[in-house]
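Student:
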Amino acid sequence: MNREFSFEIIPKLALTFLPFLKVTLLTLLLALIFGTIIATVLVKLRLSKRKLLNTIAYTYIAAIRCTPAVILIFIVFYGLPFLLQLIGIDIIAFPRIFFITVALSISFSATFSEVMRTSYLAVNKGQTEAAIALGLSGFQAFYRIVLPQAFVYALPNFGNSLIMLFKETSLAYTIGVVDLMGKMNLYISYKHGRNGLEAYITVGLIYWVFVLLFERIFTLLDKKNSRGLR
């Protein structure tokens with residue numbers, strides 16, 4: 023194995039790996055969408071006055087937040103087909119991106135539901151009561167008064183959750199998804215370990231650039247949307 027480090031090869035490796043970034047970003051987008059849907063349901067249950075529903079949601083969130091993402095991925099990848107086969111549904115042939123999307127959606131939902139819940143509770147309830155007293159419906163009060171303020175409160179933590187989700191997509195290769203990390207591992211295997219350090223640095227730089235981009239976007243959004251609260 024050649025242990026000589028070469029800076030010159032990094033741009034070439036970037037051009038080799040970047041086309042597979044679209045798989046990583048697709049995984050991120052799908053997990054974000056479905057994770058947000060699940061999180062919304064969890065928030066509804068957590069805010070419910072029914073103790074049983076609240077307990078179910080709390081237990082789910084606690085269990086998922088205590089489970090490492092990589093373990094959750096393998097549980098979904100091996101366990102979900104087994105469970106569905108018991109009721110006659112066969113998903114073994116499904117694309118592997120389906121399983122990573124399910125796993126990361128579940129992981130993201132547990133974290134983001136708490137962000138949503140605490141942001142909602144941070145808005146003074148008196149504003150909702152005042153809006154209803156002025157003739158707005160409950161939905162109008164939520165949509166026009168509560169939601170814009172809750173969005174501002176949630177924005178910083180949402181940004182952190184999104185960045186964490188983006189980094190967790192790097193685990194997709196563990197079940198054979200050929201994304202950014204998957205392509206890098208295939209390259210290293212094909213080269214029998216040669217230029218492995220350069221490959222890891224290249225992929226690390228790509229993730230680094232996107233994380234900085236996300237941070238910049240959310241910083242600008244936070245500044246823009248916080249003006250009203252000030």
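Counting with the working numbering, you get residues 23 to 252 for the letters of the sequence shown. From the three backbone atoms N, C-alpha and C, an ideal C-beta is built for every residue, glycine too. Just so it is clear, the structure is predicted and the values come from calculations on it, not from any experiment.
Assuming Phe-39 contacts Ile-228 (C-beta within less than 8 Å), just tell me the rounded distance between them.
Tutor: The pair is a contact, with the Cβ atoms about 7 Å apart (cut-off 8 Å).
Student: Go ahead and pull the three-state DSSP assignment for Leu-217.
Tutor: According to the sequence shown, residue 217 is Asn rather than Leu. Note: Asn-217 maps to coil in three-state DSSP.
Student: Are the CB atoms of Thr-49 and Thr-191 nearer to each other than 7 Å?
Tutor: Contact flag set, yes.
Student: Is it the case that the region 164 to 177 contacts the region 87 to 96, given that we only count it when at least three CB pairs across the two stretches are under 8 Å?
Tutor: The region 87 to 96 vs the region 164 to 177: no contact.
Student: What would DSSP say about Ile-32, mapped onto helix, strand or coil?
Tutor: Looking at Ile-32 - three-state DSSP - the assignment turns out to be helix.
Student: Mind reading off the beta-carbon distance from Phe-83 to Ala-53? Whole number of angstroms is fine, and I expect it under 8 Å.
Tutor: One detail in the question is off: residue 83 reads as Ile in this sequence, not Phe. No, Ile-83 and Ala-53 are not in contact; Cβ-Cβ is about 17 Å, not under 8 Å.
Student: Would you report the Cα separation of Gly-148 and Phe-56, rounded to the nearest angstrom?
Tutor: Near 32 Å, if we compare the C-alpha coordinates of Phe-56 and Gly-148.
Student: When we look at the beta-carbon of Lys-205 and count the other beta-carbons within 10 Å, is it buried (16 or more) or exposed?
Tutor: Classification of Lys-205: buried, given that the 10 Å Cβ count is 16 or more.
Student: Give the straight-line distance between the Cα atoms of Ala-36 and Thr-46, rounded to the nearest whole angstrom.
Tutor: Looking at the two C-alpha atoms, the distance is approximately 15 Å.
Student: Determine the burial state of Tyr-100: buried for a count of at least 16 other Cβ atoms within 10 Å of its Cβ, exposed for fewer.
Tutor: With fewer than 16 other Cβ atoms within 10 Å, it is exposed.
Student: Where do the N-terminal and C-terminal ends of the alpha helix (DSSP H) with Lys-71 fall, by residue?
Tutor: Run containing Lys-71: none; DSSP gives neither H nor E here.
Student: Whose CA, out of Ser-28, Phe-29 and Phe-42, lies closest to the CA of Asn-207?
Tutor: Looking at the Cα atoms, Phe-42 is the closest of the given residues.
Student: Using a Cβ-Cβ cutoff of less than 6 Å, which residues in the same chain neighbour Leu-242 once the five nearest sequence positions on both sides are dropped?
Tutor: Same-chain partners within the cutoff: there are none.
Student: Which of helix, strand or coil does DSSP assign to Leu-108?
Tutor: Three-state result, Leu-108: coil.
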